[in-house]
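Those letters in the sequence shown? Residues 1195 to 1534, by my numbering. Using N, Cα and C, we set each Cβ at its ideal position, and we do this for glycine too.
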Amino acid sequence: MSAPSNAVRTRLWLDGELKAENFPLCDISDHLNEDGALLWVDLCNPDHDVLWQLADELGFDKHAIEDTVAHAERTKATRYATHTFLTVYATALGPQLANDLESRLLTARVSIFVLHGGIVTVRHENDPQRPVFDVEDVISQWDDNADLLRLGSPALLHGLLDGIVDGQFETIQDLDDAIEALEDELFDDRAQTRKIQRDTYRLRKELVELRRIVLPMREVINTIMRRRAERDDAIELDSWYADLYDHVIRAAEWTESLRDMISTVFETNLSLQDARLNTIMKKLTGWAAIIAVPTAVTGWFGQNVPYPGFQDAAGVIASAAIIVVVSGLLYLAFKRRGWI
């Protein structure tokens, strides 16, 4: 069994101390049989044949493997006889695209097989050279809390999930900042209404996608905590998982609040457009009333009948004075009411 070296990461700890790294996949079974051994295997976009061979060697359920290779699998946790299988998603917010209606949300599916003596992660990255989920951060967290690794695979799993949830928090924060910037544009008279509409649509689309990832994480962590309670695992990790669960709850609530915020932005934008339209109509009505005065006066005095000042320069002066005075009074009245 072989795979490209740049697509595989392996680590072995004995009694919490790192003993080997980047060893071949063919040595996995031997290391799992060692006393006090803790193993981590990471595969990035693996070949299906390699994945099935590894599954046969470690006894993975075939349904879990099918979920691993399937597309668009939902976030979930499933318990099998010999292992627990998890599907979670790492997230990040990418740069603005040429099509500003297209979602910027980047995701990387991470399938996790939790064994008694270690975990196997299968990552699906669209661009392995620029991964959404950086395993180096997780490795650094494991190294910083090396004393916990003597507690076995639950400690490895906690560090992995904590890194994924932290990435989701960063994505939510980026979306929150984007919504706040959009709120500022709402009340900026120089802002383009069309741009606000397109940004609002894109943010709503990104939040819907993120919500499908973040909300099911509560059930995933719940399943892990129940499994640990049934197996009576080390209580030292209880507080760590409780803190992780709290982070997941906060991420879910934050996502829900952002969805309410973007809905409010959308409705406020419509209300402001209606208000601006009313303002424009009032201005047009005001100017129409002002223009109607000289039209009426000149039309009246233009009739072919004698009138005061007929065929006299005083008549022209009188009509002009009436136009200027009445139009000025109307202008001042409309200006005071804010119609102009």
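Bridge-paired residues (DSSP) for residue i
{"i": "residue 1302", "result": "1284"}
{"i": "residue 1273", "result": "1278"}
{"i": "residue 1212", "result": "1207"}
{"i": "residue 1307", "result": "1279 and 1314"}
Contact under 7 Å by Cβ, residue i with residue j
{"i": "residue 1373", "j": "residue 1455", "result": "yes"}
{"i": "residue 1295", "j": "residue 1392", "result": "yes"}
{"i": "residue 1274", "j": "residue 1250", "result": "no"}
{"i": "residue 1206", "j": "residue 1213", "result": "yes"}
{"i": "residue 1308", "j": "residue 1272", "result": "no"}
{"i": "residue 1282", "j": "residue 1316", "result": "no"}
{"i": "residue 1299", "j": "residue 1400", "result": "yes"}
{"i": "residue 1329", "j": "residue 1236", "result": "yes"}
{"i": "residue 1556", "j": "residue 1336", "result": "With the chain covering only 1195 through 1534, there is no way to say anything about residue 1556."}
{"i": "residue 1524", "j": "residue 1490", "result": "no"}
{"i": "residue 1232", "j": "residue 1343", "result": "yes"}
{"i": "residue 1266", "j": "residue 1365", "result": "no"}
{"i": "residue 1434", "j": "residue 1313", "result": "no"}
{"i": "residue 1441", "j": "residue 1332", "result": "no"}
First through last residue of the beta strand (DSSP E) which encompasses residue i
{"i": "residue 1340", "result": "Neither: residue 1340 is in no beta strand (DSSP E) and is coded neither H nor E."}
{"i": "residue 1203", "result": "1202 to 1208"}
{"i": "residue 1315", "result": "1312 to 1318"}
{"i": "residue 1232", "result": "1231 to 1238"}
Closest Cα partner of residue i within the set the options
{"i": "residue 1280", "options": "1476, 1421, 1459 and 1405", "result": "1421"}
{"i": "residue 1340", "options": "1523, 1478, 1210 and 1251", "result": "1210"}
{"i": "residue 1363", "options": "1449, 1263, 1530 and 1377", "result": "1449"}
{"i": "residue 1323", "options": "1523, 1458, 1201 and 1256", "result": "1201"}
{"i": "residue 1446", "options": "1474, 1410 and 1245", "result": "1410"}
{"i": "residue 1378", "options": "1360, 1317, 1298 and 1459", "result": "1459"}
{"i": "residue 1270", "options": "1470, 1244, 1478 and 1406", "result": "1406"}
{"i": "residue 1289", "options": "1264, 1369 and 1380", "result": "1369"}
{"i": "residue 1536", "options": "1264, 1229, 1439 and 1230", "result": "Given that the chain is displayed from residue 1195 to residue 1534, the structure contains no residue 1536 and the question cannot be resolved."}
{"i": "residue 1325", "options": "1361, 1336, 1229 and 1435", "result": "1361"}
{"i": "residue 1320", "options": "1284, 1457 and 1314", "result": "1284"}
{"i": "residue 1451", "options": "1398, 1476, 1471 and 1203", "result": "1398"}
{"i": "residue 1415", "options": "1204, 1252 and 1436", "result": "1436"}
{"i": "residue 1403", "options": "1291, 1390, 1302 and 1476", "result": "1302"}
{"i": "residue 1226", "options": "1510, 1208 and 1526", "result": "1208"}
{"i": "residue 1478", "options": "1433, 1528, 1440 and 1442", "result": "1528"}
{"i": "residue 1244", "options": "1386, 1259 and 1461", "result": "1259"}
{"i": "residue 1471", "options": "1513, 1522, 1387 and 1486", "result": "1387"}
{"i": "residue 1318", "options": "1239, 1310, 1311 and 1216", "result": "1239"}
{"i": "residue 1253", "options": "1442, 1314 and 1276", "result": "1276"}
Unbroken alpha helix (DSSP H) run spanning residue i, endpoints
{"i": "residue 1371", "result": "1347 to 1380"}
{"i": "residue 1403", "result": "1387 to 1408"}
{"i": "residue 1242", "result": "1242 to 1252"}
{"i": "residue 1521", "result": "1507 to 1530"}
{"i": "residue 1223", "result": "1222 to 1226"}
{"i": "residue 1261", "result": "1256 to 1263"}
Residue i CB to nearest heavy atom of the ligand GTP below 6 Å
{"i": "residue 1255", "result": "Although the ligand GTP was asked about, the structure shown includes no ligands whatsoever."}
Runs of alpha helix (DSSP H) lying entirely within the region 1410 to 1458, each at least 4 residues, in chain order: 1411 to 1425
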